[in-house]
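S.K.: Here the sequence shown is numbered in the working numbering, starting from 15 and rising by one per residue.
Here it is: the structure, laid out below.
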Amino acid sequence: MSDLPNPQSYYIFLNISVSTRKPFGAIIKDGQEVLRAIWGQKRAWTLTYDDRDNGICMFYDTESGGSLGLKNSVSNRNSIFRVTDPGVEAQRWKLNKVGDDSFTIQLVTPVLLELFWYVHHAGAEIKAVAATSTERTRAWRFEAVDGSK
Numbered sequence: 015m016s017d018l019p020n021p022q023s024y025y026i027f028l029n030i031s032v033s034t035r036k037p038f039g040a041i042i043k044d045g046q047e048v049l050r051a052i053w054g055q056k057r058a059w060t061l062t063y064d065d066r067d068n069g070i071c072m073f074y075d076t077e078s079g080g081s082l083g084l085k086n087s088v089s090n091r092n093s094i095f096r097v098t099d100p101g102v103e104a105q106r107w108k109l110n111k112v113g114d115d116s117f118t119i120q121l122v123t124p125v126l127l128e129l130f131w132y133v134h135h136a137g138a139e140i141k142a143v144a145a146t147s148t149e150r151t152r153a154w155r156f157e158a159v160d161g162s163k
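In structure tokens:
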């Protein structure tokens with residue numbers, strides 16, 4: 015798909031209209047491992063593709079190299095983490111174009127689950143949740159770290 019972002023490093027932002035000029039960035043706070051949407055902050059993520067034609071990709075922390083994925087635990091409740099465990103394969107995600115410059119990010123699973131990146135409010139953990147309504151699906155935009163398109 016030519017309308018997908020190129021494989022490179024990006025800042026990922028929640029694609030919502032707010033009265034401020036600072037977007038909500040997908041970041042991991044220092045000393046933590048869980049992905050959050052934080053107002054006015056950003057972190058670089060490297061996007062690579064396993065199958066670009068179908069939008070199948072992986073996200074890696076540009077600084078640490080850890081990948082974004084789910085941890086298999088009931089207590090984590092589908093929170094998205096930076097996974098740094100050796101030998102753990104990177105989680106596959108699917109980018110779905112939903113606007114001029116925005117995408118949903120869907121978990122790729124072997125069963126028919128439709129789980130998408132979702133955040134309830136600023137500062138909250140970004141989770142992979144079922145798309146049971148339009149309010150449960152969030153669009154995200156990618157801003158190239160190097161300023162390219």
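Ideal placement from N, C-alpha and C gives every residue a C-beta, glycine not left out.
Source: prediction; values computed, not measured.
So, T98 versus G80, is the Cβ gap smaller than 7 Å?
M.R.: It is a contact, given that the beta carbons lie within the stated cut-off.
S.K.: Using the C-alpha atoms, what's the distance from I26 back to K85?
M.R.: Rounded to the nearest angstrom, the two C-alpha atoms are 21 Å apart.
S.K.: To the nearest whole angstrom, what separates the beta carbons of F95 and V48, a pair I think is in contact under 8 Å?
M.R.: Rounded, the Cβ-Cβ distance is 6 Å, consistent with contact.
S.K.: So, with DSSP's three-state summary, where would you put R91?
M.R.: It is coil, neither helix nor strand.
S.K.: Hey, out of L18, G161, L121 and K56, whose CA is closest to G137's CA?
M.R.: It is K56 whose Cα lies nearest to the Cα of G137.
S.K.: So, with DSSP's three-state summary, where would you put N68?
M.R.: It is helical.
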